[in-house]
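Numbering (the numbering used here), first residue to last: 48 to 190. Scroll down for the structure; my scribbles are underneath it.
This is the structure:
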């Protein structure tokens with residue numbers, strides 16, 4: 048049995064500091080005297096902070112995957128902000144890159160799962176209002 052277990056190929060576990068990363072994200076973008084002004088957030092994530100936080104609230108209410116939990120060892124997993132930032136970054140720039148691992152402290156598997164779930168939730172929540180063809184009222188308002 049031991050020889051069989053020793054032959055199993057396992058992934059190398061990287062120690063991601065999700066708690067520290069979460070605190071850094073808040074310090075960088077969401078506190079009163081944040082490191083980066085609002086236009087940096089808009090440029091980096093292609094939306095205003097207020098819109099990001101409103102969508103985040105809706106996403107958390109719809110899918111509990113986005114709510115931060117503890118793992119089996121009692122450590123905090125990625126926060127909802129981590130997961131949504133990763134998904135938005137991939138959608139905005141069309142690449143996975145090392146941004147998620149280096150800044151957000153997220154592994155590739157979590158990043159991809161976050162992207163899939165985020166897309167599903169956005170469609171489920173907003174399809175009827177925002178992901179449709181414009182109606183007469185929309186056209187009138189825009190013109």
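From the three backbone atoms N, C-alpha and C, an ideal C-beta is built for every residue, glycine too. It should be emphasised that the depicted structure is a prediction, and the values quoted were computed from it without experimental measurement.
- Nearest Cα to residue 98 within the set 118, 128 and 113: 128.
- In the structure shown, residue 117 falls within a strand segment according to DSSP collapsed to helix, strand and coil.
- Per the C-alpha coordinates, the member of 175, 159 and 89 positioned closest to residue 133 is 159.
- Taking 8 Å as the cut-off, the Cβ atoms of residue 153 and residue 125 count as close.
- In this chain, residue 125 is not harboured by any alpha helix (DSSP H), its DSSP state being neither H nor E.
- Taking all protein chains shown into account, residue 107 has 16 or more neighbouring C-beta atoms within 10 Å of its C-beta and is therefore buried.
- Taken through DSSP and simplified to helix, strand or coil, residue 82 comes out as coil.
- A straight-line Cα-Cα distance of about 24 Å links residue 164 and residue 121.
- Taking C-beta atoms under 8 Å as the contact rule, residue 109 and residue 96 fail to qualify, at a distance of about 20 Å.
- Counting the other Cβ atoms within 10 Å of the Cβ of residue 184 gives fewer than 16, which makes it exposed.
- By the criterion of a C-beta distance shorter than 7 Å, residue 178 is surrounded in its chain by 170, once the five residues flanking it on both sides are discounted.
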